[in-house]
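Worksheet: one structure, shown below.
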Amino acid sequence: MSKKTPNHERSAQRCPVHLDDVDLFADGAQEHWYEAYPILHAEAPVVRLPDEGMTPGTDGFVLTRYEDIRRVVRDPVRFKPTLTLAIEALLASDVAPEDAPLTNAMLASMATLRPTDELYRAHRTELTDPWVGPGSSRHSEMIDHHARTLIDGFIDRGEVEFVSEFARPLPQRVMASVLGFPLEDIPRLAEWGTAQVAAFVHGRGHRNLLDREQVREQFAKLDGFKEYVFEKVQEKRREPRDDMISWLCQVEYEALGRKLTDLEVNGVVYAMVIGGLETTQYALEEEAQLLCENPAYFSALKADRELIRPFTEESLRLRSPTQGLSTRITTRDEVFQGVDVPAGSLLHMRFGAGNVDPEEWECPYEMSLDRKAPTRHLAFSAGPRVCPGAGISRVEQVTAWNCLLDRIDSLEYAPGNTFEHQPGIMLGTLELNLRFTRADPAAGA
Ligand code: HEM
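At position 430 of the sequence shown the residue is numbered 470 (the numbering used here), and the sequence of numbers has no breaks.
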């Protein structure tokens, strides 16, 4: 079998051995994150980043302990989300949200649909949960169809470039179907999706900062997306179908006692596209790698499909797609692990590290399919702001592996993988060449 080899030589940074070597945000740091976490947990579970706060004169702090991150995300009053600050600033200005410069549709719609914690909850339960939340098993058949169609495209070859032929297109097709976009439009949607997440891939440091030119370019590209969604909204107001956009055009938002405007529908759609494409792609990529590295799990899952769910939860824990986010501000002085963190500091919540914290997880770097409370990991964050798309992403992952396990009898790395990751804050493998044996179709029928 072609083995996974360390890809440290592909990184501009040295593999960390001592605390001084650790820089989670340097070029190429992605190749060493999982060597850095044990060092941070043992020697510096809270790292101060001087002058790296939101405003001049404030600091950033990296949190790597599970208990600290969980405490932060569960308390949006004490640890205020940066998006809430942005909305407050928008509402305090004289400019209407839709006219504010460099404000995307999502932020503008947040200002009117969910400016308070109470409305934030209502927005979720009323507007997104029915489509991408806990009830997402209703999409199983549609997801199964897309997964099988993609597998048909490579099953006869015995090998596949898993990222471009499966992990990327599956969430694209699923979200296009949920929202009600034609599949032919996926290339354009993918381009806009890439523009939306530009900061998380190309942004500098823990704040994912783009320079002015990059921001201008991003907004210019996304103007096209806004227009495209407006056209779809008009179309679906005239001729509703069974999809999320048609539904959003008609639904009565009870919390505000009214229907949504075109811009508000546009904003909800923006959030679905920014959240719904790449994250699930990265989860599927890492799951494929974990199966190549642990062939016994492949056989176990194939024999007992009930194990797929614990496997996907363990994979999200062990290789979290969103490694960290700097999205909370302390509203009062705090102490984390004995480190003073003043009010007004920007917290970088390192979900990937919290999910392998030895204080929380027994044998944290090992996969275990019978862990207690396996969903308590922080890959989707936790608390009132927990990822609203966790439901559909889970259904996608479980359905994808059910379909793949139906069609293949073994999985291994093909030669030629670099295992190199994309830059930025997500754990995204650039390409993944896999070899498999095709299952006997008669056996599975
Ligand atoms: C494996 C897949 C995914 C991972 C790892 C993931 C992770 C996360 C994380 C860590 C957050 C931050 C929560 C916080 O601030 O506390 C988040 C927020 C968010 N996610 Fe996901 N996500 C995934 C899939 C999805 C999908 C499929 C969708 C949409 C269908 C989605 C939509 C969103 C949105 C809109 C937010 C912003 C918060 C909000 O508007 O309420 N995510 N996600």
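C-beta: ideal position from N, C-alpha, C; glycine also. Computed from a predicted model, the values in this text were never measured in an experiment.
**Message:** Tell me the rounded alpha-carbon separation between residue 481 and residue 447.
**Reply:** Numbered from 1 along the sequence shown, position 441 holds the residue referred to as residue 481. Numbered from 1 along the sequence shown, position 407 holds the residue referred to as residue 447. Approximately 7 Å between the Cα atoms of the pair.
**Asked** Apart from the five residues on each side of it in sequence, which residues of its chain come closer than 6 Å, Cβ to Cβ, to residue 423?
**Response** Taking the first residue of the sequence shown as position 1, residue 423 is located at position 383. Scanning its chain for C-beta atoms nearer than 6 Å, with the 5 sequence neighbours on each side dropped, one finds around residue 423 the residues 113, 114, in chain order.
**Asked** Going by DSSP, which residues form a beta bridge with residue 121?
**Response** By 1-based counting over the sequence shown, the position of residue 121 is 81. Residue pairing by DSSP puts residue 121 in a beta bridge opposite 368.
**Request:** Would you check if there are 3 or more beta carbon pairs closer than 8 Å linking the region 181–194 to the region 155–162?
**Result:** At 8 Å Cβ cutoff, the stretches do not touch.
**Nearest-angstrom Cα separation, counted from residue 132 out to residue 148** = Residue numbering aside, residue 148 sits at position 108 when the sequence shown is read from its first letter. Residue numbering aside, residue 132 sits at position 92 when the sequence shown is read from its first letter. Distance between the alpha carbons of residue 148 and residue 132: 13 Å.
**Inter-residue spacing [alpha-carbon to alpha-carbon] between residue 485 and residue 313** = Walking along the sequence shown from the start, residue 485 turns up at place 445. Walking along the sequence shown from the start, residue 313 turns up at place 273. Confidence at residue 485 is low in this model, with a pLDDT of 45, below 50, so the placement of that residue should be treated as unreliable; the coordinate-derived value is given next. Answer to the nearest angstrom: the Cα atoms are 36 Å apart.
**residue 443 classed as buried or exposed, judged by whether at least 16 other C-beta atoms fall within 10 angstroms** = Residue 443 sits at position 403 when you count from the first residue of the sequence shown. Residue 443 comes out buried.
**Asked** For ligand 3, is there a heavy atom less than 6 Å away from the beta-carbon of residue 448?
**Response** Questions concerning ligand 3 fall outside what the structure shown contains, since the ligands it does hold are ligand 1.
**For residue 360 and residue 330, believed in contact at Cβ under 8 Å, the rounded distance** = For the purposes of this step, residue 330 is identified with residue 290 of the sequence shown, where counting begins at 1. For the purposes of this step, residue 360 is identified with residue 320 of the sequence shown, where counting begins at 1. Contact between residue 330 and residue 360 does not hold, since the beta-carbon distance rounds to 13 Å and is not under 8 Å.
**Asked** Any heavy atom of ligand 1 within a distance shorter than 6 Å of the CB on residue 320?
**Response** Position 280 of the sequence shown, counted from the start, is the residue given in the question as residue 320. Indeed, a heavy atom of ligand 1 lies less than 6 Å from the Cβ.
**Asked** Under the three-state reduction of DSSP, which class applies to residue 58: helix, strand or coil?
**Response** In the sequence shown, the residue the question calls residue 58 occupies position 18. It is coil, neither helix nor strand.
**Asked** What's the C-alpha gap between residue 382 and residue 473?
**Response** Translated into the one-based positions of the sequence shown, residue 382 becomes position 342. Translated into the one-based positions of the sequence shown, residue 473 becomes position 433. Answer to the nearest angstrom: the Cα atoms are 47 Å apart.
**Item:** Same chain only: Cβ atoms within 6 Å of residue 457, ignoring 5 sequence neighbours per side
**Value:** For the purposes of this step, residue 457 is identified with residue 417 of the sequence shown, where counting begins at 1. Hits under 6 Å: 473.
**7 Å Cβ cutoff met for residue 109 and residue 389** = Here residue 109 is taken as the residue at index 69 of the sequence shown, counted from 1. Here residue 389 is taken as the residue at index 349 of the sequence shown, counted from 1. Yes. Within cutoff.
**Asked** Taking one C-beta from the region 219–232 and one from the region 62–70 each time, how about it: are there three or more such pairs within less than 8 Å?
**Response** Proximity of the region 219–232 to the region 62–70 falls short of the contact definition, fewer than three beta-carbon pairs being nearer than 8 Å.
**Prompt:** The alpha helix (DSSP H) spanning residue 450 covers which residue range?
**Reply:** Mapped onto the sequence shown, residue 450 falls at position 410. Where residue 450 is concerned, there is no enclosing alpha helix (DSSP H), although the beta strand (DSSP E) it sits in stretches over 448–453.
**Prompt:** Is the closest heavy atom of ligand 1 to the C-beta of residue 172 under 6 Å?
**Reply:** Here residue 172 is taken as the residue at index 132 of the sequence shown, counted from 1. When distances are taken from the beta-carbon of residue 172 to the heavy atoms of ligand 1, the shortest one is below 6 Å.
**Message:** Need the endpoints of the alpha helix (DSSP H) that residue 229 sits in, please.
**Reply:** What you label residue 229 is simply residue 189 of the sequence shown in a count that begins at 1. It spans 226–236 - the alpha helix (DSSP H) in which residue 229 sits, taken as one unbroken run.
**Asked** Which class does residue 442 belong to by DSSP, given the choice of helix, strand or coil?
**Response** The residue given as residue 442 occupies position 402 in the sequence shown. Reduced to three states, the DSSP call for residue 442 is helix.
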